[in-house]
Structures are given as structure tokens and as C-alpha cells.
Amino acid sequence: MARSRPEPVQVVKQRRDAAMSALVHGVPYINFLGIEFERRGDELTAILPFDDKLIGNPMLPAIHGGVTAGFLETTAVIGLAWSGLWDDIESGRITMESLTAGHLPRLPKTIDFTVDYLRSGLPRDAYARARVNRSGRRYASVHVEAWQDQRDVLYAQATGHFLMPTRDE
Amino acid sequence: MDTQKAKMAEHFINAIPHCKALDMKLTNIGDGKAEMVLPYNDNIVGDPETGVLHGGAVFALMDTCCGAAAMCHPSSPSSTATIDLRIDYMRAATPGQSIRTKAECYHITRSVAFVRATAVDDDDALPVATATGTFTVQRS
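Residue numbers (full-length UniProt numbering), protein chains in the order written: chain A, 1 to 169; chain B, 1 to 140.
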């Protein structure tokens with residue numbers, strides 16, 4: 001049996017990037033912090049470009065602990081939503097038209113979030129990746145790591161539990 | 001509250017760029033306790049459909065307030081930094097309402113401060129979030 005011809009690469013990329021952008025740019029707080037996501041296949045890296053309004057200690061200066069927490073929580077929520085949406089995006093159940101029209105999928109809700117501050121956040125860009133350790137029908141557990149200059153030198157890590165959105169359609 | 005100490009603390013909080021960006025205000029401080037408020041703002045919404053504030057903004061408020069509570073403990077640490085902070089989000093904050101938080105440094109050693117906090121909106125009886133954390137204690 002002949003396999004169906006794969007879609008052109010730019011069509012696939014455009015659909016995935018549009019879904020990602022709709023998901024991220026629809027949330028005011030994510031835009032307020034200036035967080036962006038880079039996608040390689042289904043792997044996401046969150047980027048927090050440094051800005052003066054993110055400073056928590058002007059003497060050092062260092063990034064505010066609350067900013068680091070918000071950055072990690074965003075990385076966890078988007079990572080979790082993304083892993084759940086992947087199949088819907090690939091199968092075309094979620095269309096680009098509906099996404100660009102602002103019909104955003106419901107995001108998971110944070111139940112609790114614990115941040116471990118390992119080093120002070122330097123006044124430069126930060127990066128983070130989330131790992132979904134368990135994702136059930138109702139609850140999920142996600143771990144996030146954040147670093148700045150060196151990938152192996154984490155400046156913060158976090159674990160959170162999330163309530164999954166109910167699928168109504 | 002000791003007005004001089006309160007003024008100093010207020011200066012300290014107001015000098016934090018991120019707190020200024022979120023328009024946070026210190027409303028009370030002294031004896032290892034602090035109170036702060038975060039006004040509702042459209043640009044820190046986490047769920048555009050309902051208008052509920054993002055957990056990150058609440059985290060920033062509670063982290064700052066816990067740090068302030070550790071700083072104003074009678075044993076007078078010279079500075080502090082968060083080691084670990086956990087927040088439990090008990091319910092969605094009501095859109096349009098300010099978030100108020102109270103933090104208390106309930107134990108302090110030579111090097112660690114233990115702090116807890118509660119956050120509410122206009123409904124005082126039902127907390128929006130609770131937090132527990134540990135902070136470093138710098139002695140000059």
C-alpha cells in the first residue's frame with residue numbers, strides 16, 4: 001500500500017509556529033515579561049530576554065525571584081499545554097483559522113508551584129525547559145529547569161502540579 | 001509601627017524595579033511581619049478569557065512580602081534572598097480586585113528565616129493562595 005505523500009515542510013512549520021504563537025501571545029502576563037518560545041520539533045525552550053523592569057535587587061543587580069517563578073510557571077504551563085495539543089495540531093483537529101481567530105485552547109491551572117533558587121539571576125537572558133513527568137486525565141506533574149550562560153549551571157528549578165482542562169468538545 | 005523603619009522599608013520596596021512595574025505597595029511592616037497589595041491590571045492577566053491574574057504576579061507579590069517580613073525580624077538581618085518558596089493556589093482571584101498579602105517570619109536562626117504568607121482579594125474569608133518559604137539571613 002502506498003503511503004500518503006508527506007506535507008511540504010513549510011506547511012507543517014507554519015501550522016506548528018502559528019499554534020505556538022497563538023498559545024503564547026494570547027496571554028497578557030507572558031507578553032508583559034517578554035517571554036518567547038523556540039521550537040525544535042516538539043521540544044520547546046522558553047527565553048526570557050533581560051529587561052530593567054525584571055530587576056528585584058538593584059544593588060547586584062539580580063532578576064526578581066517572582067519573575068523567575070513566573071518564567072518557570074509559564075514554561076511549565078505552555079510545555080504541558082503544548083504536549084497535550086501536539087496530536088490535535090498534527091491531525092488538523094485544531095485548525096490555523098480557529099487559532100488565528102483567537103480561539104485558544106484552555107490552559108492547565110496551577111495547583112501548587114515550588115521554586116528552588118539555586119543562584120541569583122544575573123542581568124542577562126535566561127532560558128528554561130519543562131519536562132512533563134506525569135500527565136493524567138485530571139492532574140499533571142511538571143519539572144522545570146532554568147539556566148543563563150551555561151546549560152549545566154542551573155540558576156533555578158521548580159516543580160508544579162496542574163489541573164488539566166476538561167475536554168468539552 | 002515605627003515610622004522611621006517603615007519609611008526605610010517603603011523606600012527599599014519602591015526601589016525594586018519589578019515591584020514598581022507591577023505597582024505593588026507595602027502597606028504595613030514591623031516585627032517580622034509585612035503586608036503588601038497588588039492592584040489589578042489588564043497586562044498581568046494569565047487567562048484572557050476570564051481575566052484572572054497570572055500566578056506569576058501573585059508569586060512575585062508573595063515572594064517580596066515574605067522577604068520584607070524576614071528583613072524586619074527583630075534580630076535584624078542585613079539582607080536576605082529566597083532559598084525556596086512554595087505557593088498553593090487555592091482559587092482563582094476575582095478579576096478586577098486587588099490582591100492583598102500578609103507574611104510572617106515565624107522562626108529565624110543565624111542563617112535561615114522561615115516565612116509563611118496568605119493572599120486574599122476582596123473576600124477575606126477565602127484565601128486565594130498560601131505560601132511557605134525559606135530565606136537566607138545575612139548578618140553584618
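We put the beta carbon where it would ideally sit given N, CA and C, even for glycine.
Could you give the C-beta distance for residue i and residue j, rounded to a whole number, given that I count them as a contact under 8 Å?
i: A:A76; j: A:A130; result: 5 Å
i: A:L122; j: A:Q157; result: Wrong, their Cβ atoms sit about 16 Å apart, outside the cutoff.
i: B:E35; j: B:R100; result: 7 Å
i: A:W86; j: A:D17; result: Not quite, the Cβ-Cβ distance comes to about 13 Å (not below 8 Å), so this is no contact.
i: A:A81; j: A:L23; result: 6 Å
i: B:A103; j: B:K33; result: 7 Å
i: B:P77; j: B:A70; result: 6 Å
i: A:L104; j: A:L154; result: No, A:L104 and A:L154 are not in contact; Cβ-Cβ is about 31 Å, not under 8 Å.
Give me the chain B residues within the contact set of residue i, using Cβ-Cβ distance strictly less than 8 Å, ordered along the chain.
i: A:V27; result: V45, G46, D47, P48 and H54
i: A:G70; result: H54, G55, G56, A57, F59 and A60
i: A:D125; result: Within 8 Å Cβ-Cβ: nothing; A:D125 doesn't reach chain B, min ~16 Å.
List, in order along the chain, the chain A residues whose C-beta lies closer than 7 Å to that of residue i?
i: B:I29; result: Result: empty, since nearest Cβ-Cβ is about 17 Å, beyond 7 Å.
i: B:A15; result: P58
i: B:T64; result: G66
i: B:D124; result: Near B:D124 there are no residues of chain A at all, since even the closest Cβ is about 22 Å away, more than 7 Å.
Below 6 Å CB to CB, which residues in the same chain sit around residue i once its five sequence neighbours on both sides are set aside?
i: B:P39; result: D23 and S98
i: residue 151 of chain B; result: Residue 151 of chain B falls outside the range modelled here, since chain B spans only 1 to 140, and no answer is possible.
i: A:S141; result: N133, R134 and H161
i: B:D122; result: Q97
i: A:S4; result: none
i: A:V12; result: none
i: A:L15; result: Going by the sequence as given, residue 15 of chain A is Arg instead of Leu. Around A:R15: M96.
Can you name the residues of chain A whose CB is closer than 8 Å to the CB of residue i?
i: B:T82; result: G65, V115 and Y117
i: B:R86; result: D112, F113, T114 and V115
i: B:H11; result: None at all; the shortest Cβ gap to chain A is about 12 Å.
i: B:D121; result: In chain order: nothing, as chain A lies at least about 17 Å away.
i: B:A113; result: None at all; the shortest Cβ gap to chain A is about 14 Å.
i: B:A34; result: Ordered by position in chain A, no residue passes the 8 Å Cβ test against B:A34, which lies about 15 Å from the chain.
Within the same chain, show all residues whose beta-carbon is closer than 8 Å to that of residue i, passing over the 5 residues directly before and after it, in chain order.
i: A:E169; result: In this predicted model, A:E169 has a pLDDT of only 43, less than 50, meaning its place in the structure is not dependable; the value taken from the coordinates is given anyway. Counting only Cβ-Cβ distances below 8 Å, and skipping sequence neighbours, we find nothing.
i: A:D125; result: I47, L48, P49, F50 and Q148
i: A:L33; result: L48, L54, V67, G70, F71 and T74
i: A:S83; result: D42, V132 and S135
i: B:H107; result: A113 and F114
i: A:D112; result: G160 and H161
i: A:R138; result: L163 and M164
Less than 7 Å between C-beta atoms, sequence neighbours within five positions excluded: which residues of the same chain meet that for residue i?
i: B:P127; result: M90, T118, A119 and V120
i: A:T74; result: I30, I35 and A46
i: B:G67; result: T80, T82 and F135
i: B:A131; result: M62, C66, L85, R86, I87, R116 and A117
i: A:A128; result: A46, F71, L72, T75, V144, E145 and A146
i: B:I44; result: L22, L53, H54 and A57
i: A:I89; result: R15, R16 and A19
Is any heavy atom of the ligand FMN found at a distance shorter than 8 Å from the C-beta of residue i?
i: B:T64; result: In terms of ligand content, the structure shown is empty, and the ligand FMN therefore cannot be addressed.
So with CB distances below 9 Å, who are the chain A contacts of residue i?
i: B:Y89; result: K109, T110, I111, D112 and F113
i: B:D42; result: P28
Against residue i, what residues of chain B qualify as contacts under a CB-to-CB distance less than 7 Å, listed in chain order?
i: A:T74; result: G56
Quiz item: Would you say the region 59-66 of chain A touches the region 54-67 of chain B, given that touching needs at least three Cβ pairs under 8 Å?
Solution: In short, these stretches touch, since the Cβ pair count reaches three.
Exercise. Report yes or no: do the region 46-55 of chain A and the region 9-17 of chain B share at least 3 C-beta pairs separated by less than 8 Å?
Key: They touch, by the three-pair rule.
Quiz item: For the UniProt domain "Thioesterase" (63-153) of chain A, which segments carrying the beta strand (DSSP E) assignment without a break, of at least 3 residues, lie completely within its bounds, in sequence order?
Solution: Along the UniProt domain "Thioesterase" (63-153) of chain A, the beta strand (DSSP E) occurs as fully enclosed runs of 3 or more residues at 109-117, 126-135 and 139-147, listed in sequence order.
Practice problem: Say whether the region 78-97 of chain A touches the region 82-89 of chain B, bearing in mind that this needs 3 or more beta-carbon pairs closer than 8 Å, one atom from each stretch. | Solution: No, because fewer than three Cβ pairs between the region 78-97 of chain A and the region 82-89 of chain B fall closer than 8 Å, the two stretches do not touch.
Quiz item: Along the chain, which unbroken stretches of the beta strand (DSSP E) at least 3 residues long are found entirely within the region 41-95 of chain B?
Solution: Annotation note: the region 41-95 of chain B contains the following uninterrupted beta strand (DSSP E) runs of length 3 or greater, listed N- to C-terminal: 45-47 and 82-89.
Exercise. Tell me the start and end of each unbroken beta strand (DSSP E) in the region 12-38 of chain B that is at least 3 residues and wholly inside, in chain order.
Key: Fully enclosed beta strand (DSSP E) runs of no fewer than 3 residues occupy 25-30 and 33-38 of the region 12-38 of chain B, in order along the chain.
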